[in-house]
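Peer 1: Got a structure here, written out as structure tokens. Questions coming.
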């Protein structure tokens, strides 16, 4: 992992001037931007899933999965969407935490 994300020295004596300083600054900003993008793209949808699901059902999303006995298959599909979103969010947070550990706060 160090080959892809080399450790930036946090001590001002070790940083020096030139490429390493700008490289560390870019990595720090990239970490912040990725963290914000992850929160904006995934957290809002996941925390507001109950409201979003009612809107999706009102808009008749996956209505073709319903039959005369009920809409159990549609509820399972909605649960599958939520589970995948939660899984990808956790995976993204894990990757961002590894990046943050390597670059520092």
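In this note's numbering, the protein residues as written are 356 to 460.
Where a beta carbon is used, it is the ideal one built from N, C-alpha and C, also for glycine.
Just so it is clear, the structure is predicted and the values come from calculations on it, not from any experiment.
(1) Touching or not, the region 380-389 and the region 435-455, by the rule of three or more beta carbon pairs under 8 Å?
(2) With respect to the alpha helix (DSSP H) encompassing residue 415, which residues constitute its N-terminal and C-terminal limits?
(3) For residue 442, does the count of other Cβ atoms within 10 angstroms reach 16, so buried, or fall short, so exposed?
(4) If you drop the 5 nearest sequence neighbours on each side, which residues of the same chain put their C-beta closer than 8 Å to that of residue 401?
(5) Run through DSSP, which three-state label would residue 390 get?
(6) Shortest alpha-carbon distance to residue 408 belongs to which of 396, 429, 395, 421?
(7) Whose C-beta lies closer than 6 Å to the C-beta of residue 433 among residues of the same chain, with five residues either side of it excluded?
(8) Say whether chain C places a C-beta atom closer than 8 Å to the C-beta of residue 387.
(9) DSSP beta-bridge partners for residue 422?
Peer 2: Per the coordinate set shown:
(1) Touching, yes, given that three or more Cβ pairs across the two stretches are closer than 8 Å.
(2) Element bounds for residue 415: n/a, residue is neither H nor E.
(3) It counts as exposed.
(4) So the qualifying residues of the chain are 437, 440, 441, 444.
(5) Correct three-state label for residue 390: helix.
(6) The alpha carbon of residue 408 has as its nearest neighbour, out of 396, 429, 395, 421, the alpha carbon of 429.
(7) Correct list, in chain order: 408.
(8) The displayed structure is made up of one protein chain only, and chain C is not part of it.
(9) In the DSSP output, where bridge partners are listed per residue, residue 422 has 425.
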